[in-house]
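A.B. asks: Going by this note's numbering, the first residue of the sequence shown is number 1301, and it counts up by one from there.
Beta carbons are placed, not taken as given, at the ideal position from N, Cα and C, and that holds for glycine.
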Amino acid sequence: MEILSAADEELKDAIDDENRTLQKKIKNGLIRPEYISTAYIEENWGDGEPVKRPVVDLVQQGGGMYGIALLGYTYIMEKIGIRFYSHGGTSAGAINASFLAAINSDVYEQKSPFDNSRFATKSEVLTHIIANTDFSKFMGKTGIIGRLQRMLFKNFKSLALKLIVFGFILGFLVIIYSAFGFLYKISHGLSGFELRYFDFIIGTINVIALVIILYILFVKVLGVRFGINSGNEFYEWVDNLLALMHIHTTDDLYERMSESEIEPHREGDKPRLVLISSNLTHNRIAKFPERAGDYWEDFGNIKPAAYLRATMSLPFIFKTFIPSVAHYKVPHPADSVKLKARFVDGGMLSNFPIREFHTSNPKPRFPTFGVLLSDIGLNRDEEYEPEADGLPEITLMEYVSSFFKTFRNFYDYEFIFNSKEIRDRVVTVNTKNFNWLDFWMDEPTQKKLFLVGVRAAIRQIDKFNWSAYETVREQMVYQHKYMKK
């Protein structure tokens, strides 16, 4: 695949760059385990001795179509020999996490179908799937609403679109206001103060009428489950792909994950999968599949596609997800749903659930890596001096937007910015020039997005050093214990 070849070239150039640390960390195309973790997974390549592969937990942020960049990131990590133990994610991050957990690890011991000179990775299998997926089919709404939706989402970041929408609304109000005022003047022969008074009354009524009309249209388009698109196409897509991987139920998924055994072994070792969704009915975070038992009686027989449908339900874009008996692999009675609730995108409450994998053990065996798809200023102090640049000017809309972002991201950011050691474990993908709502994204743009994920992985390997991280962790844990006394 051309996209994989481009990624391989990026990695090769980075290894050859003498200004980086990759030359000493990567030998013969594979990472030296001592730079990543103490724990490892053994793989059998041909007739040779078992090969030790360093492991990490991986948390992936949500972000719509930005999720393609996550594949670029995980492809490089797997290609150099890093293996993922537990997974966490929201929305697009949850989708990639689930498929990585679902694909059989035997793939690592087989030749790549795209390059017979090396062994395969899970990410290249997923990349092939994504490259042949028409994401616009997930936006199932047709007709004028479907066309309007496409225009709005494809040009989501366009200033011209914002001006057109504003101009349309303003023009509509002016025309209606003027028309009613003119008719009233003709009918009653009013002028002067009386005309201005009635113009004000008529104009106010027009504004209220416009709001009511827009509200009625909005409710009509969204329906009782408050979404333009049903989300059924996405659900079927995920369910069919997982079935091809022989994953039909939650029990199947857990069994597949348990095939990965790490050494040195500790009692209680068990890989986790944490997919975040937002329970609007009961105002809380839902962590699937771990808390699936809160909603379904026999959650072991639930199709994992249900969890992904819950975590990707972008408000108003997709209809809310409601647990039902239809999500069982085999028929179940109606009362086998324990708790009814409306779910929307997990990013409403936690878009980067890295705290779920935090351990207080001063001597962890492996780290938790994280991939951010939006700039939160995590390493901002390394990029510029605030005193020199000053506080940037913002618009009123940006000011209002910052309120919602603060409420929405508090749960994640409070943990991230209170954990100094997290900076070495988390990397931000530069998605500034891409549109996360462009479900009609063309192939060249997808390739560029994939490659920014590749570069993020290279940066993370370049900056992370396991021995240095161990030292920092021990210092922080003991410092925390001392402060408690």
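Per DSSP, what are the beta-bridge partners of Gln1449 in this structure?
C.D. replies: For the purposes of this step, residue 1449 is identified with residue 149 of the sequence shown, where counting begins at 1. Its beta-bridge partners do not exist; DSSP assigns none.
A.B. asks: Report the rounded CA-to-CA distance for Phe1750 versus Trp1740, giving the unit in angstroms.
C.D. replies: Position 450 of the sequence shown, counted from the start, is the residue given in the question as residue 1750. Position 440 of the sequence shown, counted from the start, is the residue given in the question as residue 1740. Their backbone Cα atoms lie some 16 Å apart in a straight line.
A.B. asks: The beta strand (DSSP E) spanning Pro1744 covers which residue range?
C.D. replies: As a working note, residue 1744 is residue 444 in the sequence shown. Premise fails: Pro1744 lies in the alpha helix (DSSP H), 1743-1763, not in any beta strand (DSSP E).
A.B. asks: Kindly list the residues whose CB is nearer than 7 Å to the CB of Val1574, restricted to its own chain and excluding five residues on each side of it in sequence; keep chain order.
C.D. replies: Position 274 of the sequence shown, counted from the start, is the residue given in the question as residue 1574. Excluding positions up to five away in sequence, the list reads Gly1388, Lys1587, Glu1590, Pro1653, Glu1656.
A.B. asks: Under the rule that 16 or more other beta-carbon atoms within 10 Å means buried, what is Ile1540, buried or exposed?
C.D. replies: Here residue 1540 is taken as the residue at index 240 of the sequence shown, counted from 1. As written in the sequence, residue 1540 is Asn, which differs from the Ile given in the question. Classification of Asn1540: exposed, given that the 10 Å Cβ count is below 16.
A.B. asks: Per DSSP, Pro1653 forms a beta bridge with which residues?
C.D. replies: Taking the sequence shown and counting its residues from 1, the one referred to as residue 1653 is at position 353. The partner list for Pro1653 (beta bridge, DSSP) is empty, contrary to what the question assumes.
A.B. asks: Whole angstroms are fine: how far does the CA of Arg1332 sit from the CA of Leu1322?
C.D. replies: As a working note, residue 1322 is residue 22 in the sequence shown. As a working note, residue 1332 is residue 32 in the sequence shown. The straight-line gap from Cα to Cα measures roughly 10 Å.
A.B. asks: Going by beta-carbon coordinates alone, are Thr1731 and Tyr1375 separated by less than 7 Å?
C.D. replies: Here residue 1731 is taken as the residue at index 431 of the sequence shown, counted from 1. Here residue 1375 is taken as the residue at index 75 of the sequence shown, counted from 1. No, the Cβ-Cβ distance between Thr1731 and Tyr1375 is not below 7 Å.
A.B. asks: Per DSSP, what kind of secondary structure is Asp1724 in: helix, strand or coil?
C.D. replies: Stepping through the sequence shown from its first residue, residue 1724 is reached at position 424. Residue state, collapsed to three classes: helix.
A.B. asks: Under the rule that 16 or more other beta-carbon atoms within 10 Å means buried, what is Gln1410, buried or exposed?
C.D. replies: As a first step, residue 1410 must be located in the sequence shown, where it is residue number 110. Label assigned to Gln1410: exposed.
A.B. asks: For the putative contact between Ile1758 and Glu1310, defined by C-beta atoms under 8 Å, what is the C-beta separation to the nearest angstrom?
C.D. replies: Counting from one through the sequence shown, the residue named residue 1758 turns up at place 458. Counting from one through the sequence shown, the residue named residue 1310 turns up at place 10. The pair is a contact, with the Cβ atoms about 7 Å apart (cut-off 8 Å).
A.B. asks: Ordered along the chain, which non-local residues of its own chain (more than five positions away) have a Cβ less than 8 Å from that of Asn1579?
C.D. replies: Position 279 of the sequence shown holds residue 1579. Ile1585, Ala1586, Ala1641, Arg1642, Phe1643.
A.B. asks: Cβ atoms of Gly1363 and Ala1392: under 7 Å apart, would you say?
C.D. replies: Numbered from its first residue, the sequence shown carries residue 1392 at position 92. Numbered from its first residue, the sequence shown carries residue 1363 at position 63. It is a contact, given that the beta carbons lie within the stated cut-off.
A.B. asks: For Thr1390 versus Ile1576, is the C-beta spacing smaller than 7 Å?
C.D. replies: If you number the sequence shown from 1, residue 1390 lands on position 90. If you number the sequence shown from 1, residue 1576 lands on position 276. Yes. Within cutoff.
A.B. asks: Exposed or buried, which one is Lys1325 when buried takes at least 16 other CB atoms within 10 Å?
C.D. replies: Numbered from its first residue, the sequence shown carries residue 1325 at position 25. The residue in question, Lys1325, is buried, as its Cβ has 16 or more Cβ neighbours within 10 Å.
A.B. asks: Do Pro1354 and Ser1337 have their CB atoms nearer than 7 Å?
C.D. replies: For this step, residue 1354 is matched to residue 54 along the sequence shown. For this step, residue 1337 is matched to residue 37 along the sequence shown. Cβ atoms of Pro1354 and Ser1337: closer than 7 Å.
A.B. asks: Decide if Ile1341 is buried, meaning its Cβ has at least 16 other Cβ atoms within 10 Å, or exposed.
C.D. replies: By 1-based counting over the sequence shown, the position of residue 1341 is 41. By the 10 Å Cβ count, Ile1341 comes out buried.
A.B. asks: From the DSSP output, in three-state form, read off Leu1444 for me.
C.D. replies: The sequence position of residue 1444 within the sequence shown is 144, counting from 1. Residue identity differs from the one stated: residue 1444 is Ile in this sequence, not Leu. Note: Ile1444 maps to helix in three-state DSSP.
A.B. asks: Reducing DSSP to helix, strand and coil, say where Tyr1595 ends up.
C.D. replies: By one-based count along the sequence shown, residue 1595 stands at place 295. In this structure, Tyr1595 counts as coil in the three-state DSSP scheme.
A.B. asks: Under 7 Å between the Cβ atoms of Pro1571 and Tyr1385?
C.D. replies: Position 271 of the sequence shown, counted from the start, is the residue given in the question as residue 1571. Position 85 of the sequence shown, counted from the start, is the residue given in the question as residue 1385. Taking 7 Å as the Cβ cut-off, Pro1571 and Tyr1385 qualify as a contacting pair.
A.B. asks: When DSSP labels each residue in this structure, what does Lys1325 get in the three-state scheme?
C.D. replies: By 1-based counting over the sequence shown, the position of residue 1325 is 25. Residue state, collapsed to three classes: helix.
A.B. asks: Could you tell me the boundaries of the beta strand (DSSP E) in which Phe1643 lies?
C.D. replies: Position 343 of the sequence shown, counted from the start, is the residue given in the question as residue 1643. Start and end: 1643-1645.
A.B. asks: If you check the beta carbons only, do Ser1650 and Tyr1554 fall under 7 Å apart?
C.D. replies: As a first step, residue 1650 is located in the sequence shown; it is residue number 350 there, counting from the start. As a first step, residue 1554 is located in the sequence shown; it is residue number 254 there, counting from the start. Cβ distance not < 7 Å, so Ser1650 and Tyr1554 don't count as in contact.
A.B. asks: Mind checking whether the beta-carbon of Ile1326 lies closer than 6 Å to any heavy atom of the ligand MN?
C.D. replies: As for the ligand MN, it is missing from this structure, which has no ligand bound.
A.B. asks: Quick check on Ser1423: buried or exposed, where buried means 16 or more other Cβ atoms within 10 Å of its Cβ?
C.D. replies: For the purposes of this step, residue 1423 is identified with residue 123 of the sequence shown, where counting begins at 1. Looking at its Cβ environment, which holds 16 or more other Cβ atoms inside 10 Å, Ser1423 is buried.
A.B. asks: Do you know offhand how far Arg1773's Cα is from Gly1381's?
C.D. replies: Start at 1 with the first residue of the sequence shown, and residue 1773 comes out as number 473. Start at 1 with the first residue of the sequence shown, and residue 1381 comes out as number 81. So the two alpha carbons sit approximately 24 Å from each other.
A.B. asks: Which residues in the same chain as Gly1670 place their Cβ atom closer than 7 Å to its Cβ, once the five residues preceding and following it in sequence are excluded?
C.D. replies: Here residue 1670 refers to the residue found at position 370 when the sequence shown is read from its first residue. Excluding sequence neighbours, Gly1670 sits near Val1359, Phe1652, Ile1654, Arg1725, Val1726.
A.B. asks: Can you pull the DSSP bridge partners for Ile1576?
C.D. replies: Looking up residue 1576 in the sequence shown gives position 276. For Ile1576, which the question treats as bridged, DSSP gives the partners Thr1390, Lys1587.
A.B. asks: Please name the residue or residues paired with Ile1602 in a DSSP beta bridge.
C.D. replies: Residue numbering aside, residue 1602 sits at position 302 when the sequence shown is read from its first letter. Ile1602 is bridged to Tyr1628.
A.B. asks: If I'm right that Val1407 touches Ala1420 with Cβ under 8 Å, what's the distance once you round it to whole angstroms?
C.D. replies: Numbered from its first residue, the sequence shown carries residue 1407 at position 107. Numbered from its first residue, the sequence shown carries residue 1420 at position 120. Going by Cβ atoms, the distance from Val1407 to Ala1420 rounds to 5 Å, so yes, they are a contact pair.
A.B. asks: Give the DSSP-derived three-state secondary structure of Lys1411 in the structure shown.
C.D. replies: Locating residue 1411 in the sequence shown gives position 111, counting from the first residue. The answer is strand: DSSP assigns Lys1411 an E or B state.
A.B. asks: Which partner residues does Asp1357 have in the DSSP bridge list?
C.D. replies: As a first step, residue 1357 is located in the sequence shown; it is residue number 57 there, counting from the start. DSSP, once it has assigned bridges, lists Thr1668 as partnering Asp1357.
A.B. asks: Are the beta-carbon atoms belonging to Lys1619 and Gly1527 less than 7 Å from one another?
C.D. replies: Walking along the sequence shown from the start, residue 1619 turns up at place 319. Walking along the sequence shown from the start, residue 1527 turns up at place 227. Yes, these two residues count as a Cβ contact at 7 Å.
A.B. asks: Mapping the DSSP letters down to three states, classify Glu1559 as helix, strand or coil.
C.D. replies: Reading the sequence shown from its first residue, position 259 is the one you call residue 1559. Coil.
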